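Notes follow once the structure below has been shown.
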Amino acid sequence: MSAAPQVSPAETGGSWTAWLRSKITGLVPAGQALPDRQPAYVASWIYVFGVLTLAALVVVIGSGLALAVGGSAWWHTSSLGHFVNSMHLWSVELFFAVMVIHLWGKFWMAAWRGKRGLTWMTGVVAFVASIGTAFTGYLSQSNFDSQWISAEAKDGINSIGVGAWFNVLNPGQMLLWHVVLLPLVVGVIAVWHVVLVRRHGVVPPLDAGPPERSGG
Amino acid sequence: MMTAPEIAVLAAGHYVHWGVIKVSVTNFAIIVSMVVVFVLALVVPFPHGDRDGSDRHRDRS
Numbered sequence: 001m002s003a004a005p006q007v008s009p010a011e012t013g014g015s016w017t018a019w020l021r022s023k024i025t026g027l028v029p030a031g032q033a034l035p036d037r038q039p040a041y042v043a044s045w046i047y048v049f050g051v052l053t054l055a056a057l058v059v060v061i062g063s064g065l066a067l068a069v070g071g072s073a074w075w076h077t078s079s080l081g082h083f084v085n086s087m088h089l090w091s092v093e094l095f096f097a098v099m100v101i102h103l104w105g106k107f108w109m110a111a112w113r114g115k116r117g118l119t120w121m122t123g124v125v126a127f128v129a130s131i132g133t134a135f136t137g138y139l140s141q142s143n144f145d146s147q148w149i150s151a152e153a154k155d156g157i158n159s160i161g162v163g164a165w166f167n168v169l170n171p172g173q174m175l176l177w178h179v180v181l182l183p184l185v186v187g188v189i190a191v192w193h194v195v196l197v198r199r200h201g202v203v204p205p206l207d208a209g210p211p212e213r214s215g216g
Numbered sequence: 217m218m219t220a221p222e223i224a225v226l227a228a229g230h231y232v233h234w235g236v237i238k239v240s241v242t243n244f245a246i247i248v249s250m251v252v253v254f255v256l257a258l259v260v261p262f263p264h265g266d267r268d269g270s271d272r273h274r275d276r277s
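Residue numbers (my numbering), protein chains in the order written: chain A, 1 to 216; chain B, 217 to 277.
Written out as structure tokens, the structure is:
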């Protein structure tokens, strides 16, 4: 790995801003934060599904912000509210579909190779956290669907012993988990995952030969 | 005019069974579509905009 050299606070004259700057710039190798070139093997559609997942996540968050501004009366009664509500649902459906295809692709190319174990695990945690976020979203619709789903889910949640802290019959708690806590978790892990991908590079195919070093 | 039980049967959707596996036709169609997209992503050629400009097998691990 050719990340920028790390600088200790002593080397920056005790300046915490210079130390933090060196930490941030050292997160990924120079030029790899937003690269304009990729290894030749990346020229395959299977490598597109990670960024499709990110694109869907952007639409999910954007439409979710619009729903938060309008509120439940808006998304239940106005035509624009219905549209944004549907956009939020279908962007989530696409988010999960492309994320699972991304998962299949990375599993079959054993993407944890080459010290990429943490990249794989952050993806796993992001997937699990996304399921929780979607679940609390279904509980936050404020309609009969959300009532039905919460009533069906309560026994399962209670059976694993967390019902006292995560009460699916409490729509206020579920809404706050859905719009604050879990999106924060998914967002932070997604950023961490992308930083790790940029830090270690895209995993080569299983049958790829030794890396050919180029000038780029 | 349909009776309430007939409406309930229609609303319940259609399911397919294989032993212990039970899945709605809708969800099964979505899963099959995802597998098709996955296979297409593996076999459909990717357009090469700048073949010579890409880094050959560069691995920074």
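For glycine and all other residues, C-beta sits at the position ideal for the given N, C-alpha and C.
Bear in mind that the values here come from a model prediction, so they are computed numbers and not experimental data.
Comparing alpha carbon positions, the residue from A:V100, A:S44 and A:V188 closest to I246 (chain B) is A:V100. Partner residues in the beta bridge of Y231 (chain B), as assigned by DSSP, are B:S240. Interface annotation, M250 (chain B): in contact with chain A, CB-CB separation under 8 Å. Only exposed fits H230 (chain B), as fewer than 16 other CB atoms lie within 10 angstroms of its CB. Nearest CB-CB separation between A220 (chain B) and chain A: not below the 8 Å threshold. When secondary structure is reduced to three states using DSSP, W112 (chain A) falls in the coil class, being assigned neither helix nor strand.
The shortest CA-to-CA distance from G70 (chain A) to any of A:L206, A:F95 and A:H82 is the one to A:H82. Taking 8 Å as the threshold, the shortest C-beta distance from H264 (chain B) to chain A falls below it.
Excluding five sequence positions before and after S63 (chain A), the CB atoms of its chain that fall closer than 7 Å to its own CB belong to V84, M87, H88 and S91, given in chain order.
Beta-carbon to beta-carbon, T119 (chain A) and H193 (chain A) are separated by about 6 Å, close enough to satisfy the 8 Å threshold.
Two segments are said to touch when three or more pairs of C-beta atoms, one from each, lie closer than 8 Å; by this definition the segment 156 to 176 of chain A does not touch the segment 116 to 130 of chain A.
For F144 (chain A), the uninterrupted alpha helix (DSSP H) segment begins and ends at F144 to S159. Of all residues in the segment 115 to 132 of chain A, the ones placed with a Cβ closer than 8 Å to any Cβ belonging to chain B are K115 and R116, in chain order. The beta-carbon of F49 (chain A) is placed less than 8 Å from the nearest beta-carbon of chain B. What V100 (chain A) touches in chain B, judged by beta-carbon distance under 8 Å, is M250, going in chain order. Taking 8 Å as the upper bound for CB-CB distance, F49 (chain A) and A257 (chain B) are in contact here, some 7 Å apart. Going by beta carbons, A129 (chain A) and V185 (chain A) fall inside the 8 Å limit. Taking 8 Å as the Cβ-Cβ cut-off, the segment 230 to 242 of chain B has no residue approaching chain A. Sequence-ordered contacts of the segment 20 to 44 of chain A with chain B read P29, R37, Q38, P39, A40, Y41, A43 and S44 [C-beta pairs closer than 7 Å]. Beta-carbon to beta-carbon, S150 (chain A) and L175 (chain A) are separated by about 12 Å, too far to satisfy the 8 Å threshold. Annotation for L118 (chain A): the continuous alpha helix (DSSP H) segment containing it runs G117 to Y138. For L52 (chain A), the uninterrupted alpha helix (DSSP H) run begins and ends at F49 to G70, by DSSP.
Contact between V202 (chain A) and Q32 (chain A) does not hold, since their C-beta atoms are separated by about 11 Å, which reaches or exceeds 8 Å.
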